[in-house]
Structure formats: structure tokens, C-alpha cells
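**Student:**
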Amino acid sequence: MKNTIALIISLAMLASVTACSEKSEATNYQQYASMSPEEIVAGMTLEQKTAQMVQPAVYNVSAKTMKENDYGSILSTTDCIDAAKWRKTVDDLQSAAIRSEAGIPYIYGQDDVHGVNYCRNAVYFPHNIGQGAANDEELAYQVGLITADEAKLCHMLWNFSPCVAQSVDPRWGRTYESYGSDLETITKLSTAYTKGLIDGGLVACTKHFFADGNVVYGTGEKSDIDRLIDRGDSQLSDAEIAELLKVYQAQIDAGVQTIMISHSSLNGVKMHENKEYIMKLKDEMGFEGFIVSDWDSVGNTSGSSYKEQIITSVNAGIDMLMETERFEEARDIIIDAVESGDISQERVDDAVTRIIKVKKNAGLFDDPLLENIKTEQQETGSPEYRAVAEQLVEKSLVLLKNNKEVLPFKEGTKIYITGPASDNGKAQCGGWTMSWNGAPTEDIPGVTTILEAFEEYADDYGIEVITDDKKAADADAVLLCVGEQAYAEWNGDTEDLALCGSLGLDGNADAIKEAKKLGKPTVTCIVAGRNVILDEKDYDGWDSVVMCYLPGSEGKGISDVLCGCADFTGKLPSDWYCSLDQIGTDKCFLGRGYGLSYGEGFKPRNAQ
49 MKNTIALIIS LAMLASVTAC SEKSEATNYQ QYASMSPEEI VAGMTLEQKT AQMVQPAVYN
109 VSAKTMKEND YGSILSTTDC IDAAKWRKTV DDLQSAAIRS EAGIPYIYGQ DDVHGVNYCR
169 NAVYFPHNIG QGAANDEELA YQVGLITADE AKLCHMLWNF SPCVAQSVDP RWGRTYESYG
229 SDLETITKLS TAYTKGLIDG GLVACTKHFF ADGNVVYGTG EKSDIDRLID RGDSQLSDAE
289 IAELLKVYQA QIDAGVQTIM ISHSSLNGVK MHENKEYIMK LKDEMGFEGF IVSDWDSVGN
349 TSGSSYKEQI ITSVNAGIDM LMETERFEEA RDIIIDAVES GDISQERVDD AVTRIIKVKK
409 NAGLFDDPLL ENIKTEQQET GSPEYRAVAE QLVEKSLVLL KNNKEVLPFK EGTKIYITGP
469 ASDNGKAQCG GWTMSWNGAP TEDIPGVTTI LEAFEEYADD YGIEVITDDK KAADADAVLL
529 CVGEQAYAEW NGDTEDLALC GSLGLDGNAD AIKEAKKLGK PTVTCIVAGR NVILDEKDYD
589 GWDSVVMCYL PGSEGKGISD VLCGCADFTG KLPSDWYCSL DQIGTDKCFL GRGYGLSYGE
649 GFKPRNAQ
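Numbered according to the working numbering, the sequence shown spans residues 49 to 656.
#1: Using 8 angstroms for Cβ pairs, my map puts Q179 next to A170. What's the rounded Cβ distance?
#2: With C208 and Q142 assumed to form a contact (beta carbons below 8 angstroms), what rounded beta-carbon distance in angstroms separates them?
#3: Excluding the 5 residues preceding and the 5 following T349 in the sequence, name in chain order all residues of the same chain whose CB lies nearer than 7 angstroms to its CB.
#4: Inspect the beta-carbon positions of P210 and S444 and report whether they are closer than 8 angstroms.
#5: In this structure, how does DSSP classify S72 when only helix, strand and coil are distinguished?
#6: Please classify I307: is it buried, with 16 or more other beta-carbons within 10 angstroms of its beta-carbon, or exposed?
#7: How big is the Cα-Cα spacing for Q305 and C253?
#8: Which same chain residues end up closer than 8 angstroms to R434 when comparing Cβ atoms and leaving out the 5 residues on each side of it in sequence?
#9: Here's a check: name, in chain order, each residue in its chain whose Cβ is nearer than 7 angstroms to the Cβ of P85, leaving out the five neighbours to either side.
#10: Just mark E269 as buried or exposed, buried being the case when its beta carbon has 16 or more other beta carbons within 10 Å.
#11: Look at R219 and T542 and say whether their C-beta atoms are less than 8 angstroms apart.
#12: Could you give the first and the last residue of the continuous alpha helix (DSSP H) run that contains C477?
#13: Residues in the same chain with beta-carbon distance under 6 angstroms from R653, minus the five sequence neighbours each way, listed in chain order, please.
#14: With N450 as the anchor, note down where its beta strand (DSSP E) starts and where it stops.
#15: Can you name the start and end residues of the beta strand (DSSP E) that T254 belongs to?
#16: On the DSSP bridge list, what partners appear for L638?
#17: Do the segment 534-541 and the segment 475-484 meet, that is, are 3 or more Cβ pairs less than 8 angstroms apart?
#18: Where does the unbroken beta strand (DSSP E) through L123 begin, and where does it stop?
#19: Just list the alpha helix (DSSP H) runs in the segment 102-144, keeping only unbroken ones of 4 residues or longer that don't cross its boundaries, in chain order.
#20: If we ignore side chains and look at the alpha-carbon of each, how far apart do D380 and I300 end up?
#21: Given this structure, state the Cα-to-Cα distance separating G639 from R279, to the nearest angstrom.
#22: Please confirm if the segment 187-206 is in contact with the segment 513-532, defined as three or more CB-CB distances below 8 angstroms between the two stretches.
#23: Checking 8 angstroms against the spacing of the C-beta atoms, do D367 and V340 come in under that value?
#24: How about E225 and H175: are their beta carbons less than 8 angstroms apart?
#25: Among N165, T617, L123, which has the Cα closest to the Cα of I155?
#26: Verify the CB distance criterion: does E442 have a CB-CB separation below 8 angstroms to chain B?
#27: Run through the segment 516-549 for me and flag every whole beta strand (DSSP E) of 3 or more residues, listed as ranges in chain order.
#28: If you draw a straight line from the alpha carbon of E73 to that of M101, how long is it in whole angstroms?
#29: Taking the alpha-carbon positions, what's the F338 to L250 distance?
#30: Per DSSP, which residues does K270 bridge with? Please list them.
#31: So, do the segment 271-286 and the segment 226-246 have three or more beta carbon pairs nearer to each other than 8 angstroms?
#32: K568 and A523: beta carbons closer than 8 angstroms?
#33: Does the beta-carbon of F650 have 16 or more other beta-carbons within 10 angstroms, so that it is buried, or is it exposed?
#34: Return the bridge partner residues of V654 from the DSSP annotation.
#35: Is the beta carbon of I606 less than 8 angstroms from the beta carbon of C573?
#36: When you compare only the Cα positions, how much space is there between H311 and F375?
Now the structure itself:
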């Protein structure tokens, strides 16, 4: 009996100890609530500090390894999942982080560059080039607020956005990520957007520091891929550099918490090792947040070994390394470099203090699992948010020509809708949507295509939609929808830039021929990430031409304007060239700021 009682007491004591241990693990982060970032860092080991300085990809980390190492951040995508699955993904790793020995909450980072574009049924806004065409500061702020709200529903608090590149050569595959060529417009819209993100409760990340859009054609990075222009060299004067830095100063003044370094070079020096300009952010421009590298980019700097590259980049001022695969190797290098004196303890402490400060200000130490987070909406893709995106689509459309006043479509008009961009969510949303290079299919949940919008609201518009080519002859007008394939980064670099060229949608040429053969009044909608080169004969044969850029999920914004529910107000954010020879000159087909409207006397119809 005594042995039984002793066993019961022993088991009870063991259970009590285990429970206390689990409780202690689960609340490690709470000890930091009343501590400053400096005090927190002072109590961390070198191993714990260096773990905060690396950022693995989510598919390379498990809850087990997170509990063991407590990395500072995680990024990238899993599958095409909804908000609930995103929350579980983020929270499972966060639970492990706060139960680690260090107990520092991590922050999830994502490229939500036109809405929460890796979440199913979220609102996908027009890409930046379309927002540049709309040039509406208040709407840019609303995009920031809405993106923040939907990102919080996914528990992703760090947004790698805005991109403040100046687009100077449309052959660059990231042209659509830029607001255009005008630095004043870029500054105004990106700053409004950043304020929206911050006011909405997110950590913003201005990118890519700097001159990523000013790279020279033919200088593209030759590392794992032979690129045409992306990640190339920008060759700029001191005066040109000063103008670009003003954009970043505006972002810092607006309170941006993080800045991402560019893959590109400046006058022959890779930005990931350009200490002069990285430290200018901290020492002269008043930036108090932290600086993150871009995807595995440290390994493309000039060092003769990965060790040398890591040491150089950290000493240049980069605080967190986005080393998706080699994060543990990078971490070990930093530890060894501190012990050998190649990286100072002060440099590491500064980096980690900056990282902890941003996380603390974001509320992660108070509520790491976001149990008390407040959002305006309970689900992504709300009608209220889609209405804002739809309005932005309307304002982003640029009317290039409108001969014979074919537009707006009149009541009673029979419209034959054709072309590979008419019912193509993938082309309509472009890259950075559900996947890096665009959605895996043309049918994307929550996206209303141009055709779907016309069909759904045909009765409200008083029109008839025809899609059967055998009945095309019965139509009064043709709506021809052509455009580019979805792409991202260097996959969008192109030599020809032609609408029917290497990156044009399959079927563009056939649809153009079909429309011409029908001989009907033709309205052409171009769905593309940049001002593509048009065939002069094709353009002359079209009665009306609308540049839609990459409008995102709300195709009704296009149908409403074409059917007269709203006027055209969009203007070209960059010059439109008619040949490759004009790029980089003062010659162009249509200049920045060009855009027609329906003119005086136009009265919008009641939109449904």
C-alpha cells in the first residue's frame, strides 16, 4: 500500500513539474512585455541572436525546427490556400517559436503586392502600373488599408510592398510592379499606400533599394539564369541617385518599418554589398527599422566564397538575410565571424535590436498568436472591398482612341466578345497571383473576368452578349480582348515587346484576324503589364482601344466603363513606344499623361 501511495505521489509530482515546464515554455515571450528591445537582446545568446537574422522559406521549416531554433521570420508560399489555412500555417509555427528557449515571436513575410495575392478568394487589386494610371492618392491609401485587413485575416503581418521602382524600359519584366516613370507620382502613391498598410496594422517593406527599375538593357544578372535586363546594372549620376533617394526618404518619413535591398547593381556594385548607400539609410536618412535582403541574393555578390559574401553583406548593414535554403549555413557563418572578429558583436546587436523593435511595435510580443487582433471584415473578398477594387479598375483604364464613338456601348447593342484575354483570370491578374508567375489555371476563385462581367450584367447594361463564333455575324460590334501572358521578374524580360510576340497570349494573332474579317466596329481591350508594341495596321483598324493593364479580380470595373456607367479618367503612367528604337529617347507613340475621355456632355448610366 505504501509503495502504491509513493508511486501516486511521484506521478503527481512529475505531472506537476511537466505542467509547470509546459506552462513556462508556452509563456516564454511574456517575460519580454516590460522590457525594451535593447534589454531583450542583452539577455540573448549569440546563437539566439543569429537565428533572428535569418529568414527561411516556409517549406524548409517545421514546427520542430522552429521550436529548436526560433528563426526571426518565415516567408514564401505553401499551396493555394484560403485565409483559415493561412492562419493555421502561421500559428503552428508561432506556437513553436514562443515555446522555444528564446521565446521570441517570429513574423511571417509575404509579397502581397496587389492585395493578399496568395490567398484564395481575396481581393486582387490592379498591379502598380494600373494604379499609376489611376493616379488616385486616396484609393492608394484604401488599397493599403484593405490589404492590411485581409493580410491580418491570414495572420501575415509583414508585407513586402510597396515597390517604388522607376520604370524606364518596358522590356523589363517587373515593369508592372512600378507605378510608372514619374518619380513624383511614384512617391505620392507609394507613400499613401504605405500609410494605409501601417494604419491598417501591418509592417510595410519598401523595395527594392534602389534603382532596380533603372537598370540598363543587356546588363541583366548572369548567375543561375542568363537574364536580359532584370537584376542588371543601373548607371546613374549623383544627381539621378539623389532623386531616387528622395522616394525612400518619403517612405521613411511615412514610417515604413523595413526596407528590402535590390538584386541589381549601382554603377557596377551589387546593392547587397553597397555599404555606402545601405548605411546612408541608417546614418543620414533616419531609418530606424531593419533592412532585409532579397531572395538568396547575397550569394550573387562579388565575394569569392559564400562565407565572404555573408560577412560582407552583414557588415554592409543588412540586418536579416532572406536565405531560403542556406539559412542555417548563413547563421553558422555569422556566429563564426563574430567569434573571429570578422563581424562585430555590435553589428549583430544592432541588427537584432532593430528586428525586435519592429516586432514589438507590431504587437507580436503582446499577442503573438493574434488572438485579440481586430479586423474590419470577417472574411477575405468582401463585397465592400471588391467595390473599392472595382473603382480602382475603372480609374486605371486608359482610352487610347475612340473613333466613331463606338464607346460607350449603347443599349440594344449586340456585342461579340472574343480573344484570349476575355475570360482569362490568369492573364487578368498577372504574376504574383496564387503563384510567383501567376495562377496555375485561368479560372481563379473569386475573380470575375471581363467576359463574366459582361454576361452577368448584360441585362442591366441593356446589351446582348454573343460568344458563339457562328453567330458573330449577328453582332453590332466586336469586343476584342488580347494581352500578355502572366509572368514575374526575369521571366517577363523580353526582346521584342510585341503584343503578338514571345510573351503575347496564344491566340492574339488569330483573334485579331477574326475581328478584322468580321468587319464590325471593333473595341480592343489590351490586358498587359506594360505598354506593348502594337502593329500599326492592327491599331489603325480598331475603332476604339482601351489599355487595361493588369486589373486584378474585378472585371466589372471594365464592363461598367465600356457600357457607360463611368467615364475614362486613366492616363498613361509611362511613354508608349511604337518601336524598340524609341526606348530611351524622347520619341514615342503616346506620351506619359495621355488618355481620352468620353468628353463633355457624357452622363454616366446608373451602375448596378
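Each residue gets a CB set at the ideal place from its N, CA and C atoms; glycine is no exception.
**Tutor:** Taking the geometry as given:
#1: Within the sequence shown, residue 179 is the residue found at index 131, counting from 1. Within the sequence shown, residue 170 is the residue found at index 122, counting from 1. Wrong, their Cβ atoms sit about 17 angstroms apart, outside the cutoff.
#2: By one-based count along the sequence shown, residue 208 stands at place 160. By one-based count along the sequence shown, residue 142 stands at place 94. As written in the sequence, residue 208 is Phe, which differs from the Cys given in the question. Actually they are not in contact, since the Cβ atoms of F208 and Q142 sit about 19 angstroms apart, beyond 8 angstroms.
#3: Indexing the sequence shown from 1 puts residue 349 at position 301. Excluding five sequence positions before and after T349, the CB atoms of its chain that fall closer than 7 angstroms to its own CB belong to K318, H320, E321, Q357, T360, S361, given in chain order.
#4: Taking the first residue of the sequence shown as 1, we reach residue 210 at position 162. Taking the first residue of the sequence shown as 1, we reach residue 444 at position 396. No; because the gap between Cβ atoms is not below 8 angstroms, this pair is not in contact.
#5: Here the question's residue 72 lines up with position 24 in the sequence shown. For S72, the predicted model reports a pLDDT of 41, less than 50, meaning its position is unreliable; a value from the coordinates is still stated below. The answer is helix: DSSP assigns S72 an H, G or I state.
#6: Reading the sequence shown from its first residue, position 259 is the one you call residue 307. Classification for I307: buried.
#7: The count along the sequence shown starts at 1 and reaches residue 305 at position 257. The count along the sequence shown starts at 1 and reaches residue 253 at position 205. Between Q305 and C253, the C-alpha separation is close to 7 angstroms.
#8: Taking the sequence shown and counting its residues from 1, one reaches residue 434 at position 386. V171, S601, E602.
#9: The residue labelled residue 85 in the question sits at position 37 within the sequence shown. The answer, listed in chain order, is T401, I404, K405, K408.
#10: If you number the sequence shown from 1, residue 269 lands on position 221. Flag for E269 reads buried.
#11: Locating residue 219 in the sequence shown gives position 171, counting from the first residue. Locating residue 542 in the sequence shown gives position 494, counting from the first residue. Yes, the pair counts as a contact, with Cβ atoms nearer than the cut-off.
#12: Mapped onto the sequence shown, residue 477 falls at position 429. Run containing C477: 473-477, per the alpha helix (DSSP H) assignment.
#13: Taking the sequence shown and counting its residues from 1, one reaches residue 653 at position 605. The residues G612, C613, in chain order, have a CB closer than 6 angstroms to that of R653 in the same chain once the five nearest residues on each side in sequence are set aside.
#14: Reading the sequence shown from its first residue, position 402 is the one you call residue 450. Its beta strand (DSSP E) spans residues 446-450.
#15: Residue mapping note: residue 254 aligns to position 206 of the sequence shown, counting from 1. Looking at the DSSP string, the run of the beta strand (DSSP E) that includes T254 is 251-257.
#16: In the sequence shown, counting from the first residue as 1, residue 638 sits at position 590. Answer by DSSP bridge pairing, in chain order: W624.
#17: With a cut-off of 8 angstroms on Cβ pairs, the segment 534-541 is in contact with the segment 475-484, counting three or more such pairs.
#18: In the sequence shown, residue 123 corresponds to position 75, counting from 1. DSSP places L123 in the uninterrupted beta strand (DSSP E) bounded by 121-123.
#19: 111-117, all fully within the segment 102-144.
#20: Taking the first residue of the sequence shown as 1, we reach residue 380 at position 332. Taking the first residue of the sequence shown as 1, we reach residue 300 at position 252. Distance between the alpha carbons of D380 and I300: 32 angstroms.
#21: For the purposes of this step, residue 639 is taken as residue 591 along the sequence shown, with counting starting at 1. For the purposes of this step, residue 279 is taken as residue 231 along the sequence shown, with counting starting at 1. G639 and R279: Cα-Cα distance of roughly 27 angstroms.
#22: No, the segment 187-206 does not touch the segment 513-532.
#23: Residue numbering aside, residue 367 sits at position 319 when the sequence shown is read from its first letter. Residue numbering aside, residue 340 sits at position 292 when the sequence shown is read from its first letter. A Cβ-Cβ contact shorter than 8 angstroms links D367 with V340.
#24: The residue labelled residue 225 in the question sits at position 177 within the sequence shown. The residue labelled residue 175 in the question sits at position 127 within the sequence shown. The answer is yes: Cβ separation under 8 angstroms.
#25: Reading the sequence shown from its first residue, position 107 is the one you call residue 155. Minimum Cα distance to I155 is reached at L123.
#26: In the structure shown, chain B does not exist; there is a single protein chain.
#27: Runs of the beta strand (DSSP E) inside the segment 516-549: 525-531.
#28: Here residue 73 refers to the residue found at position 25 of the sequence shown. Here residue 101 refers to the residue found at position 53 of the sequence shown. Caution is warranted here: a pLDDT of 46 is assigned to E73, below 50, making its placement in the model unreliable, and the coordinate value is therefore given only provisionally. Cα atoms of E73 and M101: separation of roughly 22 angstroms, rounded to the nearest angstrom.
#29: As a working note, residue 338 is residue 290 in the sequence shown. As a working note, residue 250 is residue 202 in the sequence shown. As the crow flies, the alpha-carbon of F338 is around 15 angstroms from that of L250.
#30: Taking the sequence shown and counting its residues from 1, the one referred to as residue 270 is at position 222. The partner list for K270 (beta bridge, DSSP) reads D274.
#31: At 8 angstroms Cβ cutoff, the stretches do not touch.
#32: By 1-based counting over the sequence shown, the position of residue 568 is 520. By 1-based counting over the sequence shown, the position of residue 523 is 475. Annotated as proximal: K568 and A523, with beta-carbon spacing under 8 angstroms.
#33: For the purposes of this step, residue 650 is taken as residue 602 along the sequence shown, with counting starting at 1. F650 is classed as exposed because its beta carbon has fewer than 16 other beta carbons within 10 Å across all chains shown.
#34: Counting from one through the sequence shown, the residue named residue 654 turns up at place 606. Note that residue 654 is Asn in the sequence shown here, rather than Val. DSSP output for N654 lists no bridge partner at all.
#35: Taking the first residue of the sequence shown as 1, we reach residue 606 at position 558. Taking the first residue of the sequence shown as 1, we reach residue 573 at position 525. Their beta carbons are under 8 angstroms apart, which means I606 touches C573 by this criterion.
#36: Along the sequence shown, read from residue 1 onward, the residue named residue 311 stands at position 263. Along the sequence shown, read from residue 1 onward, the residue named residue 375 stands at position 327. Answer to the nearest angstrom: the Cα atoms are 18 angstroms apart.
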